[in-house]
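Presented below is the structure to which this report refers.
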Amino acid sequence: DGGITQSPKYLFRKEGQNVTLSCEQNLNHDAMYWYRQDPGQGLRLIYYSQIVNDFQKGDIAEGYSVSREKKESFPLTVTSAQKNPTAFYLCASRRRGAIQNIQYFGAGTRLSVL
Amino acid sequence: KNEVEQSPQNLTAQEGEFITINCSYSVGISALHWLQQHPGGGIVSLFMLSSGKKKHGRLIATINIQEKHSSLHITASHPRDSAVYICAVLSNFGNEKLTFGTGTRLTIIP
C-alpha cells in the first residue's frame with residue numbers, strides 16, 4: 001500500500017548527540033515536510049522540500065538539518081544545537097500543483113532526551 | 001494571537017451526542033483542512049474545504065469565508081470518534097504552507 005513510513009517510532013538522544021529521523025514515501029509526491037508537535041501547541045514547520053535537491057527552512061529550523069537526495073526520502077537530523085529536542089515529529093508529503101492536493105502524514109517519531 | 005484558533009480545547013460528551021468543534025482564522029486562505037489525530041499520534045485528513053459544506057458519513061464540515069470561520073460537526077457520536085481534531089489553513093500567498101490550530105481533544109463516553 002502507498003503511504004509514508006517514519007522510523008523509528010521512539011528515539012532517545014544523549015546530550016551532544018546528533019540523531020536522524022527517517023521519512024520514506026512511495027506516493028510519488030514531490031513535496032515533503034517535517035513538523036514538530038509539542039503539548040498544547042499546533043504543529044510547527046521545521047523544513048520542507050518542494051523538489052529533489054532543494055529544501056527551505058520553515059518556522060523553527062534552528063538546530064535541525066535535512067537532505068533531499070531522492071524523491072521518496074526526506075531524513076531529518078536533530079543536531080546537538082537543538083537544545084530542546086523532546087517532541088513528537090511528523091513527516092508529511094503531498095502532490096504539488098493544486099490546492100486540493102492534501103498532505104499525507106506519517107505515524108510520527110517520538111524523540112526524548114536521556 | 002495565533003493565526004488559527006480552535007474551540008473548545010477539550011470536549012467530553014456522551015455517546016450519541018451531536019458534536020461541534022470550531023475554528024477561526026485571521027489570515028487570507030485558499031483552503032482549510034480538518035485533520036484527525038489518534039492517540040498513537042498518526043494524523044489523517046478528514047476534509048479540505050475552500051467554500052460551503054462537505055459531508056462524509058457522520059462528519060460534516062462547513063466554512064464561512066467572509067467570517068473566517070469553520071465548524072466540524074459529528075452526528076451520533078461514538079467512542080471511536082475520540083481523538084484530537086486539528087484545523088489547518090493553507091495561506092493564499094502561494095507558498096503551500098499549512099498553519100495549524102492547537103487541536104480539540106474529543107472524548108466520547110459510552
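These protein sequence lines are chains H and U, in that order. Numbering of the first sequence is given in my numbering, commencing with residue 1 and proceeding in unit increments. Numbering of the second sequence is given in my numbering, commencing with residue 1 and proceeding in unit increments. Beta carbons: idealized from backbone N, C-alpha and C, even for Gly. Since the structure is predicted, the reported quantities are computational estimates derived from the model, not experimental observations.
Practice problem: Can you pull the chain U residues whose beta carbon is under 7 Å from the beta carbon of Leu-45 (chain H), in chain order? | Solution: Lys-97
Quiz item: From the beta carbon of Ile-99 (chain H), is the nearest beta carbon of chain U less than 9 Å away?
Solution: yes
Exercise. Output the boundary residues of the beta strand (DSSP E) element that contains Val-113 (chain H).
Key: 109-113
Quiz item: Gln-6 (chain U) and Cys-87 (chain U) look like a contact to me (Cβ under 8 Å); what is the Cβ gap, rounded to whole Å?
Solution: 5 Å
Exercise. Give the interface partners of Ile-102 (chain H) over in chain U, defined as CB-CB distance under 7 Å, in chain order.
Key: His-33, Ser-45 and Met-48
Quiz prompt | Pro-8 (chain U) versus U:Gly-16, U:Gln-14 and U:Asn-22, residue with shortest Cα-Cα distance | solution = U:Asn-22
Quiz item: Are the beta-carbon atoms of Ser-67 (chain H) and Phe-74 (chain H) separated by less than 9 Å?
Solution: yes
Quiz prompt | Segment contact flag, the region 24-41 of chain H with the region 66-79 of chain U, C-beta cutoff 8 Å, min 3 pairs | solution = no
Self-check item: Short CB-CB distance (under 9 Å) between Leu-90 (chain U) and chain H
Solution: yes
Quiz item: Residues of chain H with CB under 8 Å from Ser-30 (chain U), in chain order?
Solution: Ile-99
Quiz item: Would you say the beta carbon of Tyr-104 (chain H) comes nearer than 8 Å to a heavy atom of the ligand ZN?
Solution: No copy of the ligand ZN appears in this structure; indeed no ligand is present at all.
Quiz item: Who are the neighbours of Thr-102 (chain U) on chain H, taking C-beta pairs under 8 Å?
Solution: Gly-40, Gln-41 and Gly-42
Self-check item: Proximity test, Cβ basis, 9 Å: Arg-110 (chain H) and chain U
Solution: yes
Exercise. Between the Cα of Ser-7 (chain H) and those of H:Cys-91, H:Leu-114 and H:Tyr-104, spot the shortest distance and give me the residue it belongs to.
Key: H:Cys-91
Quiz prompt | Burial state of Ile-51 (chain H), where buried means 16 or more other Cβ atoms lie within 10 Å | solution = exposed
Quiz prompt | 6 Å Cβ shell around Ser-30 (chain U) - same chain, five flanking residues per side excluded | solution = Leu-90 and Asn-92
Quiz item: Can you find a CB in chain H that lies within less than 9 Å of the CB of Ile-86 (chain U)?
Solution: yes
Self-check item: Cβ neighbour criterion (16 or more within 10 Å) applied to Ser-112 (chain H)
Solution: exposed
Quiz item: At least one CB of chain U closer than 9 Å to the CB of Gln-50 (chain H): is that the case?
Solution: yes
Quiz item: Could one say the Cβ of Gly-52 (chain U) lies closer than 9 Å to chain H's Cβ atoms, at least one of them?
Solution: no
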